[in-house]
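Listed in order, the protein sequences are those of chains A and B. In terms of the working numbering, the first sequence is residues 16 to 647. In terms of the working numbering, the second sequence is residues 206 to 649. From the three backbone atoms N, C-alpha and C, an ideal C-beta is built for every residue, glycine too. Working notes, structure below.
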Amino acid sequence: MSSYTGLKVGLELHCQLKTAHKLFCQCPAKLSLKDPEKRLLRRLRPTQSELGEVDPAALFEFQRGRLICYEAERESTCLVEADEEPPHALNGEALETALIISLMMEAKPVDEVHVMRKVVIDGSNTTGFQRTAAIALNGKLNIAGKEIPILHVSLEEDAARKTGESGLTVNYRIDRLGIPLVEVATGPVIFSPEEAEKVAYGIGRVLKATGRVQRGLGTLRQDLNVSVKSGALIEIKGVQRLDLISKVVSLEFQRQQALLAIAGELKKRGVKPEELGEPVNVTEVFKDTKCKVIRNALREGGVVLAVKLPGFHGLLGRELIPGVRLGTEMSWRAMFYGGVGGIFHTDELPGYGVSEDETRLLSKVLSLNELDAAVLVADQPLKARDALHAVLERAREALNGVPEETRAAQEDGTTRYMRPRPGSARMYPETDIPPIVIAEEEIQALKAILPEKPEKVTARLMEKYGLNRKLSEQLLDSDYMPLFEEVASKTHVAPSYVATILTETLKALERRGVPVNRLTDEQILEVFQLVDRGVTAKESVEPILEWLATHPTSNPAEAVNSLNLQMVESAELEKQVEQVLRENVNLLKKLGKASTGKLLGLMMRNLRGRVSPQQLLPIIEAKVKDYLKNQE
Amino acid sequence: MKALEGYRGLALKLLQESGAQIGDLIEVTRDGESLRGFLMPRSEYDDENHVVLKLSSGYNVGLRVGGSVAIRVLEKGVKPMFKRPPRPPPKPGLPEAYVISTGGTIASRVDYRTGGVEPALNAEDLYSIYPELSELANIHTTLLYSEFSENLTKEHWAGMARAVAEAVNSGAQGVVICHGTDTMGYTAAALSFILQHPPIPIILVGSQRSSDRPSSDAPSNLIAALKISLSAPFAGVYVAMHESSSDEYIAVHRGVKVRKCHTSARDAFKSINAPLAARYHALTGTIQVLDDHLPLRREMGEVKLEERMDDNVCLVKFYPGMKPKILESILDSGLRGIILEGSGLGHVSKALYEPIRKAVERGVFVGMTSQCLWGRVNLNVYYTGRDLLKIGVVPLEDMLPETALVKLMWVLGRANSFEEVKELMTRNLVGEISETRWFQGCGP
Chain A
16 MSSYTGLKVG
26 LELHCQLKTA
36 HKLFCQCPAK
46 LSLKDPEKRL
56 LRRLRPTQSE
66 LGEVDPAALF
76 EFQRGRLICY
86 EAERESTCLV
96 EADEEPPHAL
106 NGEALETALI
116 ISLMMEAKPV
126 DEVHVMRKVV
136 IDGSNTTGFQ
146 RTAAIALNGK
156 LNIAGKEIPI
166 LHVSLEEDAA
176 RKTGESGLTV
186 NYRIDRLGIP
196 LVEVATGPVI
206 FSPEEAEKVA
216 YGIGRVLKAT
226 GRVQRGLGTL
236 RQDLNVSVKS
246 GALIEIKGVQ
256 RLDLISKVVS
266 LEFQRQQALL
276 AIAGELKKRG
286 VKPEELGEPV
296 NVTEVFKDTK
306 CKVIRNALRE
316 GGVVLAVKLP
326 GFHGLLGREL
336 IPGVRLGTEM
346 SWRAMFYGGV
356 GGIFHTDELP
366 GYGVSEDETR
376 LLSKVLSLNE
386 LDAAVLVADQ
396 PLKARDALHA
406 VLERAREALN
416 GVPEETRAAQ
426 EDGTTRYMRP
436 RPGSARMYPE
446 TDIPPIVIAE
456 EEIQALKAIL
466 PEKPEKVTAR
476 LMEKYGLNRK
486 LSEQLLDSDY
496 MPLFEEVASK
506 THVAPSYVAT
516 ILTETLKALE
526 RRGVPVNRLT
536 DEQILEVFQL
546 VDRGVTAKES
556 VEPILEWLAT
566 HPTSNPAEAV
576 NSLNLQMVES
586 AELEKQVEQV
596 LRENVNLLKK
606 LGKASTGKLL
616 GLMMRNLRGR
626 VSPQQLLPII
636 EAKVKDYLKN
646 QE
Chain B
206 MKALEGYRGL
216 ALKLLQESGA
226 QIGDLIEVTR
236 DGESLRGFLM
246 PRSEYDDENH
256 VVLKLSSGYN
266 VGLRVGGSVA
276 IRVLEKGVKP
286 MFKRPPRPPP
296 KPGLPEAYVI
306 STGGTIASRV
316 DYRTGGVEPA
326 LNAEDLYSIY
336 PELSELANIH
346 TTLLYSEFSE
356 NLTKEHWAGM
366 ARAVAEAVNS
376 GAQGVVICHG
386 TDTMGYTAAA
396 LSFILQHPPI
406 PIILVGSQRS
416 SDRPSSDAPS
426 NLIAALKISL
436 SAPFAGVYVA
446 MHESSSDEYI
456 AVHRGVKVRK
466 CHTSARDAFK
476 SINAPLAARY
486 HALTGTIQVL
496 DDHLPLRREM
506 GEVKLEERMD
516 DNVCLVKFYP
526 GMKPKILESI
536 LDSGLRGIIL
546 EGSGLGHVSK
556 ALYEPIRKAV
566 ERGVFVGMTS
576 QCLWGRVNLN
586 VYYTGRDLLK
596 IGVVPLEDML
606 PETALVKLMW
616 VLGRANSFEE
626 VKELMTRNLV
636 GEISETRWFQ
646 GCGP
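This is how it looks when you write it as structure tokens:
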């Protein structure tokens with residue numbers, strides 16, 4: 016799609032900070048690989064506001080009997096995360112980082128920071144709220160020639176991470192809870208998917224330029240607010256990778272356009288909301304069905320309920336974005352509100368074990384004409400009924416176009432329904448933390464030590480290390496800029512080679528599933544130092560890094576030994592060259608001096624990583640010369 | 206809420222001059238830059254140099270006033286009408302329950318406009334915030350006091366006892382007292398002595414985690430307390446609070462054997478030198494009785510009061526090197542009785558024998574408990590104990606020091622002679638002394 020008329024996107028980037036401790040306690044700000052030693056079973060009850068209002072989605076979850084199991088281990092959690100102790104003072108290191116980020120974006124720090132409680136009741140915060148504070152307002156960043164307004168920079172605690180769900184119980188690990196996050200929010204001033212990605216990368220570069228943010232998958236998360244003219248404002252949460260943003264935005268644009276088209280079609284067909292009726296019991300139709308799902312549900316005392324959707328024929332099966340049809344959207348609602356496993360709809364019947372006869376009979380029972388469709392659910396009566404009521408609600412929304420929702424980003428760039436959009440953010444003061452005054456002197460002191468802006472860093476990389484622009488920018492976007500400078504200053508390995516390893520090579524390894532985020536800066540530096548000292552050749556860097564990532568407790572020297580990548584001694588090399596010459600006499604006879612290249616290639620195949628071509632070539636040349644001289 | 210709650214000094218002056226009030230949409234301009242937001246109240250503990258605004262994003266920020274600051278009111282705030290959601294009609298035939306509030310907030314609402322957390326304690330509020338209650342009982346509420354529990358005195362205890370007696374004697378089938386957790390143990394002990402043979406269980410309840418938060422232990426504690434008070438097969442005065450950090454089980458503790466043992470955790474309350482009286486399973490609503498020796502619930506019965514207490518007493522915790530002069534000045538101040546928290550089996554240093562002996566001679570009751578909390582005092586085992594017995598110190602078995610103090614106040618309120626004081630203090634009246642102790646380990 017090349018035209019995105021009517022599209023408006025706002026970004027909220029969340030970035031984990033590299034601090035010694037969490038935001039409100041002394042636990043280390045990192046995830047734990049250990050097994051949980053404690054499990055807490057809790058219920059979160061929605062609180063009533065002064066207006067007597069309760070968040071409807073929250074109330075729904077609570078009334079269903081939702082239980083939350085929090086998993087905790089001592090390494091990364093304490094009583095604060097367990098909501099058994101009041102928060103400790105706000106982490107000064109985190110506040111300083113947030114201020115530095117704010118100043119780099121020309122946002123104005125507030126005079127007094129007030130920590131707020133933002134109600135979040137899905138379980139991801141043990142208290143039922145997230146502690147968050149606005150640090151600075153009204154900044155701006157120049158990205159790709161356009162001035163992007165930064166609405167606010169805020170400092171908040173990261174949430175617990177979901178580890179599973181079974182029945183009414185959802186499991187969360189609270190090691191991530193409390194890790195400091197900086198949130199950078201732009202206004203809705205982005206008008207294309209590509210621009211969204213550029214802006215995200217631009218903000219990401221400023222964050223990384225501080226050197227104070229964590230690295231690795233999951234440490235930078237984006238929420239997007241996407242609105243389409245005549246469509247709706249959709250909140251998309253949790254885009255984990257910057258390079259997925261443009262795809263997410265363009266697919267959402269596509270999805271909304273498709274839904275608008277469906278609404279148009281329904282209007283043309285003259286469908287009215289009053290025509291959407293109540294669910295009907297159609298169990299009789301399926302009493303002998305071969306469809307496994309329905310048979311199992313009936314065997315356990317369930318029923319099959321169906322609802323007629325007049326005028327919807329062909330529209331339920333219509334694809335909005337790859338893998339998502341209107342029917343899929345309805346099934347997500349059914350699963351959320353009814354707790355059922357899924358729905359059937361007539362656009363895909365007969366199918367899934369439902370026969371032609373059954374489909375025909377169903378049509379007759381529901382009085383469907385050619386333009387009508389129906390949705391069925393097979394489950395316990397109450398669940399099936401709740402599910403179909405949710406489907407009806409979604410059908411009503413389809414008549415009007417695009418419903419406002421909160422959706423979750425998926426790995427492939429599509430999104431799925433997460434929950435109804437909450438009303439205005441319910442925030443009230445966190446009274447356990449007194450307000451923090453930001454003194455003018457402190458701001459001036461920080462201004463004097465602000466890190467280099469990304470553009471300056473790029474220019475400097477190009478000039479000082481002779482890197483081309485592409486490699487410089489890749490380095491800037493990677494998490495390894497500071498490490499690059501360290502390696503370049505402490506070793507003689509060619510900077511462009513180091514940069515390539517730290518960007519393309521590590522990315523390639525990660526794509527292959529190698530856990531490169533386990534590699535520490537010290538380990539990587541040491542590998543380059545081994546090359547520098549001649550212990551191994553630079554071609555072995557990649558295999559050594561791969562080995563280390565999968566043996567995280569080992570060191571580079573052990574890797575060299577284990578992989579047999581020690582440099583071959585000169586004496587040994589001479590012997591090997593002589594051997595190879597003996598084995599390839601014919602080649603020598605045929606090509607004479609020109610055989611050097613081929614011989615080099617042959618030997619490097621076996622000696623890769625243990626010798627550098629620059630070391631080997633002179634030896635081969637010398638031996639070939641000698642040989643040829645002897646032949647004369 | 207006052208029109209400019211919490212503001213003082215320069216900030217107050219500027220706000221008054223602009224005519225702004227809490228809830229108004231105002232604009233604050235300084236050095237050419239403006240910010241708009243709703244004026245929020247200020248805490249009286251924060252400085253007088255800032256004005257608090259709520260921005261459209263919902264965040265509060267503090268703006269420094271000083272230099273050339275201009276404040277302008279853009280729109281007057283309109284206090285929205287509070288529409289309490291309709292109370293579900295109580296089921297017919299529900300038992301009568303009384304909920305007496307003395308402080309501590311078992312239920313509250315958040316005013317997102319101002320950020321204030323308002324207690325919501327009358328029956329309508331309770332049904333509205335905890336709709337499950339409408340299936341449990343017909344609730345009558347009394348807002349008796351609104352005190353932090355550290356400020357309570359024997360007068361408050363007597364007031365609570367009268368309120369309980371009134372409720373029970375007018376047919377209440379359940380009585381729950383909402384109380385701050387800090388001194389809930391003391392109150393529970395006091396009521397155990399003041400209320401004579403209550404026919405039903407009187408349950409004290411509080412919350413460790415504030416009730417404005419979704420994770421609060423308040424709702425499950427309150428619902429458990431009501432259920433237990435209405436249907437448990439035992440009678441007496443008890444405390445009901447979380448048994449662990451999970452919301453699964455609520456522990457029921459005898460009022461004379463319970464103590465707050467953690468500053469903030471849900472499971473702060475522990476039974477000491479006694480098994481739990483009962484356990485309530487929050488997910489199924491069932492009550493499991495764990496102590497076979499609890500008084501039984503009775504269908505009818507009036508509860509009588511013995512509310513007179515004498516608070517000319519002191520609780521003193523012994524420590525090595527305690528100066529005799531200090532103990533002497535305490536004992537000289539006109540006290541009628543003192544409870545000592547001795548070390549180990551009930552010991553104090555030799556240096557303190559003289560002040561104690563002199564006090565006993567004057568007729569002051571000196572009772573001995575242990576700062577170990579767990580275990581029984583025994584003054585027969587070591588010479589120190591025997592010396593103290595000779596001096597006239599009275600060992601108080603395995604009573605909690607706090608319970609012993611409260612009991613002493615109550616005993617002094619009715620005993621006519623030193624012998625009578627001693628006899629009442631050493632006799633087990635309502636389970637404050639256990640005759641046998643089984644393994645419990647020690648520590649929460």
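Rounded Cβ spacing between residue i and residue j (contact assumed at less than 8 angstroms)
i	j	result
residue 534 of chain A	residue 517 of chain A	Their Cβ separation, rounded to whole angstroms, is 10 angstroms, which puts residue 534 of chain A and residue 517 of chain A out of contact at 8 angstroms.
residue 550 of chain A	residue 513 of chain A	With 8 angstroms as the limit, residue 550 of chain A and residue 513 of chain A do not qualify as a contact, their Cβ atoms being about 17 angstroms apart.
Status (buried if at least 16 other CB within 10 Å, exposed otherwise) for residue i
i	result
residue 220 of chain A	buried
residue 50 of chain A	exposed
residue 25 of chain A	buried
residue 557 of chain B	buried
residue 437 of chain B	buried
residue 186 of chain A	buried
residue 497 of chain B	exposed
residue 635 of chain A	buried
residue 600 of chain B	buried
residue 288 of chain A	exposed
Residue range of the beta strand (DSSP E) that includes residue i
i	result
residue 484 of chain B	483-486
residue 361 of chain B	From DSSP, residue 361 of chain B is part of no beta strand (DSSP E) but of the alpha helix (DSSP H) over 359-374.
residue 458 of chain B	454-459
residue 611 of chain A	Counting along the chain, residue 611 of chain A falls outside any beta strand (DSSP E), though it belongs to the alpha helix (DSSP H) covering 610-622.
residue 652 of chain A	No answer is possible for residue 652 of chain A: it lies beyond the span of chain A, which begins at 16 and ends at 647.
residue 638 of chain B	Note, residue 638 of chain B: premise wrong, no beta strand (DSSP E); not H, not E.
residue 422 of chain A	420-424
Bounding residues of the alpha helix (DSSP H) (the contiguous stretch that carries residue i)
i	result
residue 374 of chain A	371-381
residue 437 of chain B	Here residue 437 of chain B belongs to no alpha helix (DSSP H), and DSSP marks it neither H nor E.
residue 237 of chain A	No alpha helix (DSSP H) contains residue 237 of chain A, which is instead part of the beta strand (DSSP E) from 235-243.
residue 561 of chain B	558-566
Cβ pair residue i, residue j closer than 7 angstroms
i	j	result
residue 357 of chain B	residue 126 of chain A	no
residue 404 of chain A	residue 198 of chain A	no
residue 442 of chain B	residue 377 of chain B	no
residue 364 of chain B	residue 384 of chain B	no
residue 380 of chain B	residue 372 of chain B	yes
residue 304 of chain B	residue 346 of chain B	yes
residue 256 of chain B	residue 270 of chain B	yes
residue 39 of chain A	residue 124 of chain A	no
residue 533 of chain B	residue 487 of chain B	no
residue 342 of chain A	residue 398 of chain A	no
residue 13 of chain A	residue 616 of chain A	There is no way to answer for residue 13 of chain A, as the model of chain A reaches only from 16 to 647.
residue 109 of chain A	residue 195 of chain A	yes
residue 47 of chain A	residue 137 of chain A	no
residue 141 of chain A	residue 173 of chain A	no
residue 315 of chain B	residue 443 of chain A	yes
Contact the stretch 424-442 of chain A vs the stretch 318-328 of chain A: 3+ CB pairs below 8 angstroms: no
Contact between the stretch 547-563 of chain B and the stretch 626-634 of chain B (3+ Cβ pairs under 8 angstroms): no
Sufficient close CB pairs (3 or more, under 8 angstroms) joining the stretch 251-265 of chain A to the stretch 385-395 of chain A: no
Touch test, the stretch 104-118 of chain A against the stretch 159-170 of chain A, Cβ-Cβ under 8 angstroms, three pairs minimum: yes
Touching by the beta-carbon criterion (3+ pairs, under 8 angstroms), the stretch 600-614 of chain B and the stretch 534-551 of chain B: yes
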